[in-house]
Amino acid sequence: ESMPKRPGDERSEAFMAEVRALNDQFFRWASRQHSSSSDKLWDSGLRDYLRFAEKLRSDFSDVLAGAGHDSVLEVGNVFVFGQGDNAQLGLGEDVMEAPTATLLPMQGVRVSQIACGGMHTLALCEGGAVYSWGVNDEGALGREARGGQLALTEGETQGSESIPERVEFPNQEKMIAVSAGDSHSVALSSTGLVFAWGTFRDSSGKFGFSPSVQTQTTPLQVALGDKCVEIASGTDHVLALSNSGKVFTWGCAEQGRLGRLQESLTDQKQVKGDKHKWKESLLLPAAVSGLPAIIHVACGSYHSFAIASANGDVYGWGLNQYGQIALEAEGPFFFPERVPSLSGRRVKKLAGGEHHSLALTEAGEVLSFGRPTYGRLGRTDISPDKDDRHWNPGKVSGLTGEVTWVAAGLAVSGATTRKGTTFTWGSGDSGLLAKGEDESDNLQPKVVPHISGRAIAIEFGGQHGSLLVCQDGNEVPPAKRRR
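Mind the numbering: the sequence shown is residues 31 to 513 in the numbering used here, read in order.
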C-alpha cells in the first residue's frame, strides 16, 4: 500500500523533474560540443544553463525553503517548558513555570515550526499563519498586546501577551518560516519575501529596527531585492539566504556577526564621522562577500554559519572566544572563514547557542564544540568542570537513534530523533531540560520524559523552550539531501 503524499510532495517532485530535464538537456548539448574548442561557445552554453537554473530556484523557492526547514512538511502540537514569569510559555499570566513539557492549547491550530526568542515565541501554523506570545516591550510579538490572559473584549484594541494570538501580515501573505532573536522576529513568505519587526540592541542599549525606526511593532517587508529561501536570527542580527545562494545580513555588527564590516565599523564607540550613514550600513540588509553559493544558514547568539551548496564546506564568522565557530584561532572573525574542522563532514544543519554550537551530519550524528561548562557539549572526552575552549568538534555521547533535529540555547542543547525521541543536556537551571523539578545538569544527553507523541523539533529561548510534537506515532520521514 502506497503512503499518502504529504503537503508539498507534488511541488518537490515537479522541481526535481525540472532539474533532471535541465541537466539532461545540458548533458546532451555538452556531449555534442565535446570536440569544440570555442571558448565563446562554451561560455554561452554555461550562461544559458545558469540562467535556467536561476529561474528554477526562483520558481520553486517554496520547495527550496522547505529543504531548509525540514519540519515545515510536518505539523503537530506545541509543548512548552521552562520559566513563564514573563508570559514566555503562552499558558496565561498565572503560570510561572512548566518543569515538564506541557501542551500549549491552541484551539485546534496545527503548527509546523517554532522559534524561541529571548522572552517570546513564534509558531508557524498550517496554512501559513503565524502566532506569537511572550514579552512585547520592544514589539517582538508583531501585534498589539498587553499583559494578562484575557483576549479581546468589547471596545479593546489590544490582545494578550500571555497566550498565542495571530500576527497579521500585509496582503495576507502566507509564511513558510520564522526566526526570533532577543527582541526581534522575522518571517519568510511563500513568495520569498522577508518580513521583520521588533528592534535590535547593541552593547550600549537599544540600537533600532531601521535607520529611521527605533521599534517596529507590526511586520514590515524587508527590502532585499532577491527572493529568499531561509532565515536565521541571532541575539540581535539576522541572516537571509536568497534563492541565488547569496547571504544577506543586518542588525548589530559587534564581534563581526554580520560578516561584512571591518572591525572599526562594527562598534559605534569606535565609529567616527556620519553616524546615520554608518547605522544605515548595519540596519539595511547587504550581501556578505567572499562566500560561494550557499544552501543553509544558521546563527548563534553572536556568531553565524553558512554551508556551501556545491561541496558542503562550512563557513563561519563572529565571536569565537570559546571555539563556537570551530576555528582554532580565537578571533573574533569579521568576515567569513572556511571551517576546516567541519568541512568534508557532510554537515546538513547547524545550531548555535551563546558560547557553543552543534552540527548535525547527514548520517544523523551530532558534533558539538565551544564552551563545555554545565555539560552543554554532551561529550565524554572533555571535562564540563573546566571552563576551557574546545574548538575541535567532537561527537555527542549517548544519543541513541538517528538524530533529525538539533537546537542550542544559552547553556543547553537538545535533539530529536527519527523515532521522535527528545534528548536534552546542559544546564538544568530554569527547567530547560524539561525533566521535572530536578534542576541538576545533564552532562550527557538524557531522554525528556512525559511526552505523548513523536517529537519533530525542539527550540530554546532565554529561560524557556518549546517542542513540536506529532500525535500520529509514525517515524519522521527521511530528510532530503541538501546536495
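C-beta: ideal position from N, C-alpha, C; glycine also. Just so you know, these numbers come straight off a predicted model, no measurement behind them.
Measure the C-alpha to C-alpha separation of leucine 223 and lysine 257 and round it to an integer number of angstroms. 6 Å
Give the DSSP-derived three-state secondary structure of valine 243 in the structure shown. coil
Bridge partners - tyrosine 404, DSSP secondary structure assignment: In DSSP, tyrosine 404 forms no bridge with anything.
Have a look at glycine 303 and leucine 349 and give me their C-alpha separation to the nearest angstrom. 26 Å
Can you check DSSP and say which residues form a bridge with isoleucine 488? Leu497
Valine 377 burial status per 10 Å Cβ neighbour count (16 or more: buried): buried
Paired residues, beta bridge with glutamine 143 - DSSP: Leu154
Backbone CA spacing between glycine 330 and arginine 406 [nearest angstrom]: 14 Å
Among Phe399, Ile488, Asp417, nearest to threonine 434 - alpha-carbon criterion: Ile488
Taking 8 Å as the threshold (C-beta atoms), are glutamine 246 and alanine 207 in contact? no
CB of leucine 321 within 8 Å of CB of valine 277, strictly: yes
Beta-ladder partner(s) of asparagine 472, from DSSP: Gly456
Can you give, in chain order, each stretch of the alpha helix (DSSP H) that sits fully within the stretch 261–300 and has at least 4 residues? none
Count the C-beta pairs between the stretch 117–125 and the stretch 469–478 that are closer than 8 Å, then say yes if the count reaches three, no if not. no
Just grab the DSSP bridge partners of histidine 420 for me. Gly400
Cβ neighbour criterion (16 or more within 10 Å) applied to aspartate 418: exposed
With which residues is tyrosine 345 paired in a DSSP beta bridge? Ala336, Arg368
N-terminal and C-terminal residue of the beta strand (DSSP E) that lysine 257 is part of: Unbroken run through lysine 257: none, as it is neither H nor E.
Where does phenylalanine 82 sit, in a helix, a strand or coil, going by DSSP? helix
Strictly by DSSP, which residues pair up with alanine 107? According to the sequence shown, residue 107 is asparagine rather than alanine. Paired residue(s): Val499.
Looking only at C-alpha atoms, which of Gly361, Asn273, Trp227 sits nearest to glutamate 293? Gly361
For leucine 388, does the three-state DSSP call read helix, strand or coil? strand
Is DSSP giving serine 305 helix, strand or coil here? Note that residue 305 is lysine in the sequence shown here, rather than serine. Here lysine 305 sits in helix by DSSP.
Could you give the first and the last residue of the continuous beta strand (DSSP E) run that contains tyrosine 161? 160–164
What does DSSP give as the partner residues of leucine 171 in its beta bridges? For leucine 171, which the question treats as bridged, DSSP gives no partner whatsoever.
Taking aspartate 415 as part of the beta strand (DSSP E), name the residues at either end of that continuous run. That residue, aspartate 415, is in no beta strand (DSSP E); it is neither H nor E in DSSP.
Compare the beta carbon distance of phenylalanine 239 and glycine 228 with 8 Å and say whether it is the shorter of the two. yes
I'd like to know whether the C-beta atoms of threonine 151 and glycine 439 end up nearer to each other than 8 Å. no
Per-residue burial, valine 477 [other beta carbons within 10 Å of its own, 16 or more giving buried]: exposed
Residues bridged to aspartate 232 [DSSP beta-bridge criterion]: Gly235
Where does asparagine 201 land, buried or exposed, given buried means 16+ other C-beta within 10 angstroms? exposed
Suppose you measure from the CA of histidine 306 to the CA of aspartate 468; what does that come to, to the nearest Å? 50 Å
Residue span of the beta strand (DSSP E) that contains threonine 434, given as start and end: 433–438
Pull the bridge partners of alanine 207 from the DSSP assignment, please. Leu218
Per the DSSP calculation, threonine 363 is bridged to which residue(s)? Reading off the sequence, residue 363 comes out as phenylalanine, not threonine. According to DSSP, phenylalanine 363 bridges with Gly348.
On a CA-only basis, which of Val125, Ala131, Glu127 is nearest valine 110? Give me that one, please. Ala131
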